[in-house]
Structure formats: C-alpha cells, structure tokens
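Shown next, in structure tokens, is the structure this report addresses.
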Amino acid sequence: MALKRSRAFALLVGLSLITGLGYSQFGGSANTGTGDPHARELVNQKCTACHGMSSVTGTAKYYEDWEDTRFRMQEYAQGKPSSFTEDEAYAMIDYLTDNYGVK
Ligand code: HEC
Numbered sequence: 509m510a511l512k513r514s515r516a517f518a519l520l521v522g523l524s525l526i527t528g529l530g531y532s533q534f535g536g537s538a539n540t541g542t543g544d545p546h547a548r549e550l551v552n553q554k555c556t557a558c559h560g561m562s563s564v565t566g567t568a569k570y571y572e573d574w575e576d577t578r579f580r581m582q583e584y585a586q587g588k589p590s591s592f593t594e595d596e597a598y599a600m601i602d603y604l605t606d607n608y609g610v611k
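Each residue of the sequence shown is one higher than the one before, starting from 509 at the first, in the working numbering.
As structure tokens, this is what we get:
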C-alpha cells in the first residue's frame, strides 16, 4: 500500500513537472499572494517548472536575496520554456518580496 501511494505521488510530481503546473494545482503550498496578478501568474508558471511552489513559498528573503536567487534560477532556465525576461524577473522579485519577504 505504501509503495502504491509513493508511486502515485511520483506520478503526480512527474505530471506536474511535465505540465509545469507544480504543486500549486494540488493544494499544499499554493502561491496565493496578493498584489500584481500578472506577477503572480508568472511566478506560478515559471517558478514551478523545476520544483514545487513550496521551494518558493517556504522561504522568506530580502529583496536582494530574491534577486540573487532569480539570477541562479535564470541560469538554470536558460533556453528552456521556463526562462524569463528582465522585466518579468523584476515583476517577480517585487511580488516575491511583498509576499515572501522577511517580515
Ligand atoms: C530551470 C529550472 C528552475 C526554474 C525555472 C526555477 N528554479 Fe528555483 N531551483 C532550481 C534548482 C535546480 C534548485 C536547487 C539548487 C539551488 O538552490 O541552486 C532551485 C532552488 C530554489 C530555491 C531554494 C534555494 C534558495 O535559493 O533559497 C528557491 C527559493 C527557488 N529555487 C526559487 C525559484 C523562483 C522564485 C523561481 C522563479 C523565478 C525559480 N526558482 C525557478 C531550478 C529552477
């Protein structure tokens, strides 16, 4: 039974990686922050392509640290559909700082 469940979980994770929807579609650590809806959509799309939303929502960072993180993510995403432009990056950094900043 335990094996079955972990298989189902692996499938779910696999599917969410393929669709790029991440965990946000399956409850858990959905990104339901407030502010610019366009930026929220970007975070939902771009930042769940490689890991779950919990990697994002489970961290509190200062603006500069979100900026550092996105440079690293941008390198990983280079040439992939999950890559993003400078404008998109700054929209996301503002959004992340507002919603997942250090309080
Ligand atoms: C192309 C794949 C990819 C994309 C797209 C991506 N990430 Fe990541 N992310 C990774 C990998 C790989 C790691 C683990 C290695 C690391 O931390 O450098 C990671 C780790 C993280 C971490 C934990 C480490 C830390 O610095 O706190 C956070 C937070 C994070 N990502 C946020 C984001 C955000 C925000 C976005 C969207 C702007 C994003 N990721 C998009 C691949 C990606």
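Ideal Cβ placement from N, Cα and C applies to all residues, glycine included.
- Annotation for residue 561 indicates a beta carbon at 7 Å or more from all heavy atoms of the ligand HEC.
- Look at residue 569 here: in three-state DSSP terms it is strand.
- Excluding the 5 residues flanking it on each side, residue 572 has no same chain C-beta neighbour closer than 8 Å.
- Contact between residue 578 and residue 600 is confirmed by a C-beta separation of about 7 Å, below the 8 Å threshold.
- In the assembly as shown, residue 603 is a buried residue. Its beta-carbon has 16 or more other beta-carbons within 10 Å.
- If the five residues before and after residue 596 are omitted, its C-beta is found closer than 8 Å to the C-beta atoms of 550, 554, all from its own chain and listed in chain order.
- Taking 7 Å as the cut-off, the C-beta of residue 610 does not count as close to any heavy atom of the ligand HEC.
- Per DSSP, residue 586 is not a residue of any alpha helix (DSSP H), being assigned neither H nor E.
- Counting only residues of its own chain and dropping the five nearest sequence neighbours on each side, residue 544 has a CB closer than 8 Å to the CB of 599, 602, 603.
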